[in-house]
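Letter by letter, the sequence shown follows residues -12 to 152 of the numbering used here. Structure, as structure tokens:
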Amino acid sequence: MALTPAGVDFLRDHIEDHTYQLQWWPKYQRELLLESHLKYAGRFQLTIFLLGNRLNPVTIASWYLGRNMLKNQAAKRHVAELIRAHMDGKLAKYEVYVMHATRANGDPPSMFEFRNGDKIAQGEKQPLVTPCFAYENLATTGMPNDWDHAIALLTLGTHPAVHVA
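What follows is the structure, given as structure tokens:
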């Protein structure tokens, strides 16, 4: 499905700017990102890939919802459950290909280290690490974070517009 100019802008400004240029993504994930309908396996694989490459969960939810990639409530609930499991640190048993790890100052390293000491290496399959700030969420602090907001977007059905042709 072709993207409208607004969809292209969102892809460039909110996805590529925080991960890596789409042309350099692994082919399968690139194809999944541009699908018009994500089925169960595709939803799982793309979502953990995007989370593993540190894309903001709100951006993930906005992309999926704005492009109508999740065709029913069960699909939305599935992605919300994946985001919640990531926030709770329950997806570390899965591995993801890390495209473009960066240091806090934006410099490309051979290794990226989270504040809690977990390390990931660029270009390798790595455990799906949850950033330590994800644990600072509605359940633990009383203040919602981006994971909480993404879950709300998916379960309440409100979303910013990302239009496709």
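Beta carbons: idealized from backbone N, C-alpha and C, even for Gly. In this text the structure is predicted, and so the values were computed from the model without any measurement.
Inset, instruction - For the alpha helix (DSSP H) holding Y15, just list the boundary residues, first then last. - result: Translated into positions along the sequence shown, residue 15 becomes position 28. K14 to L20 is the extent of the alpha helix (DSSP H) around Y15.
Inset, instruction - Please name the residue or residues paired with Q113 in a DSSP beta bridge. - result: Along the sequence shown, one-based indexing puts residue 113 at 126. Partner(s): V83.
Inset, instruction - Would you kindly work out how many angstroms separate the C-alpha atoms of V151 and K58, rounded to a whole number? - result: In the sequence shown, the residue the question calls residue 151 occupies position 164. In the sequence shown, the residue the question calls residue 58 occupies position 71. The predicted model places V151 with a pLDDT of 48, which falls under 50 and marks its position as unreliable; any figure quoted below should be read in that light. Cα to Cα, V151 sits roughly 15 angstroms from K58.
Legend entry - Cβ neighbour criterion (16 or more within 10 Å) applied to K26: Numbered from 1 along the sequence shown, position 39 holds the residue referred to as residue 26. Label assigned to K26: exposed.
Inset, instruction - Hey, could you find the ends of the alpha helix (DSSP H) F31 is sitting in? - result: Taking the first residue of the sequence shown as 1, we reach residue 31 at position 44. Counted as a single uninterrupted DSSP element, the alpha helix (DSSP H) harbouring F31 occupies residues Y27 to G39.
Inset, instruction - Excluding the 5 residues preceding and the 5 following L9 in the sequence, name in chain order all residues of the same chain whose CB lies nearer than 8 angstroms to its CB. - result: As a first step, residue 9 must be located in the sequence shown, where it is residue number 22. Excluding its 5 nearest sequence neighbours in each direction, L9 has C-beta neighbours in its own chain below 8 angstroms: L(-2), I2, E3, R17 and L20, listed in chain order.
Legend entry - As assigned by DSSP and simplified to three states, the class of L(-10): In the sequence shown, counting from the first residue as 1, residue -10 sits at position 3. DSSP, reduced to helix, strand and coil, places L(-10) within a strand of the structure shown.
Legend entry - Reference N124; option with closest CA among R41, G(-6), A72 and K14: As a position in the sequence shown, residue 124 is number 137, starting the count at 1. Nearest option by C-alpha distance: A72.
Legend entry - Close beta carbons around G29, own chain, < 7 angstroms, minus the five adjacent residues each side: Position 42 of the sequence shown holds residue 29. L19 and E22, listed in sequence order.
Legend entry - Integer-rounded CB distance, given that R54 should sit under 8 angstroms from T142: For the purposes of this step, residue 142 is taken as residue 155 along the sequence shown, with counting starting at 1. For the purposes of this step, residue 54 is taken as residue 67 along the sequence shown, with counting starting at 1. Contact doesn't hold; Cβ gap of about 18 angstroms is too wide.
Legend entry - Reference T6, options D75, F36 and D133, closest by Cα: Counting from 1 along the sequence shown, the entry for residue 6 is found at position 19. Measuring from the Cα of T6, the nearest candidate turns out to be F36.
Legend entry - Whether A139 touches M74 by CB criterion (8 angstroms): Within the sequence shown, numbered from 1, the residue matching residue 139 stands at position 152. Within the sequence shown, numbered from 1, the residue matching residue 74 stands at position 87. With respect to M74, A139 sits apart: the two C-beta atoms are not nearer than 8 angstroms.
Legend entry - Alpha-carbon to alpha-carbon, I70 and I47: Numbered from 1 along the sequence shown, position 60 holds the residue referred to as residue 47. Numbered from 1 along the sequence shown, position 83 holds the residue referred to as residue 70. Answer to the nearest angstrom: the Cα atoms are 10 angstroms apart.
Legend entry - Reduced DSSP secondary structure (H/G/I, E/B, other) of E3: The residue labelled residue 3 in the question sits at position 16 within the sequence shown. Three-state result, E3: helix.
Inset, instruction - Can you grab the Cα-Cα spacing for the pair N43 / T(-9), in whole Å? - result: If you number the sequence shown from 1, residue 43 lands on position 56. If you number the sequence shown from 1, residue -9 lands on position 4. Cα to Cα, N43 sits roughly 22 angstroms from T(-9).
Inset, instruction - Could you spell out the range, first to last residue, of the alpha helix (DSSP H) harbouring W11? - result: Translated into positions along the sequence shown, residue 11 becomes position 24. Annotation: W11 is outside any alpha helix (DSSP H) and is labelled neither H nor E by DSSP.
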